[in-house]
Amino acid sequence: MTDSVYKVIELVGTSDESWEKAAAAAVERAGASLRDLRIAEVTDLDMQIENGKVVTYRAKIKVSFKFSDKD
Numbered sequence: 000m001t002d003s004v005y006k007v008i009e010l011v012g013t014s015d016e017s018w019e020k021a022a023a024a025a026v027e028r029a030g031a032s033l034r035d036l037r038i039a040e041v042t043d044l045d046m047q048i049e050n051g052k053v054v055t056y057r058a059k060i061k062v063s064f065k066f067s068d069k070d
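Using numbering that gives the first Met the number 0, the first residue of the sequence shown is number 0, and each one after it goes up by one.
Structural data, given as structure tokens:
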């Protein structure tokens with residue numbers, strides 16, 4: 000078994016529908032530019048409110064991916 004190193008970054012996804020879609024948006028966007036995503040952990044949830052109504056759901060997540068010096 001070879002040793003592996005993983006990098007962890009923090010992202011915030013947004014959605015006007017739900018926290019789940021906000022988290023999924025962050026993961027999908029990360030997947031467009033990062034390879035070998037492994038784990039996503041939701042660390043915080045909040046909402047943007049305007050005129051007493053929720054307008055945006057926000058999910059802060061930590062995403063890990065395999066770290067490599069190779070392209």
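Where a beta carbon is used, it is the ideal one built from N, C-alpha and C, also for glycine. As the structure is a prediction and not an experimental result, all values here were calculated from the model.
Among the residues of its own chain, which have a CB less than 6 angstroms from the CB of Ile-38, if the five just before and after it don't count?
Ser-63, listed in sequence order.
Check each candidate in Ile-60, Val-7 and Lys-65 and name the one with the smallest Cα separation from Glu-19.
That would be Ile-60, whose Cα lies nearest to the Cα of Glu-19.
Where do the ends of the beta strand (DSSP E) carrying Arg-37 lie?
It spans 36-49 - the beta strand (DSSP E) in which Arg-37 sits, taken as one unbroken run.
Pull up the DSSP beta-bridge partners for Glu-9, would you.
According to DSSP, Glu-9 bridges with Lys-61.
Helix, strand or coil, according to DSSP, for Ser-32 in the structure here?
Judged by DSSP in its simplified three-state form, Ser-32 adopts helix.
Under 7 angstroms, do Thr-13 and Ala-23 count as touching if we go by C-beta distance?
No, they are not a contact pair.
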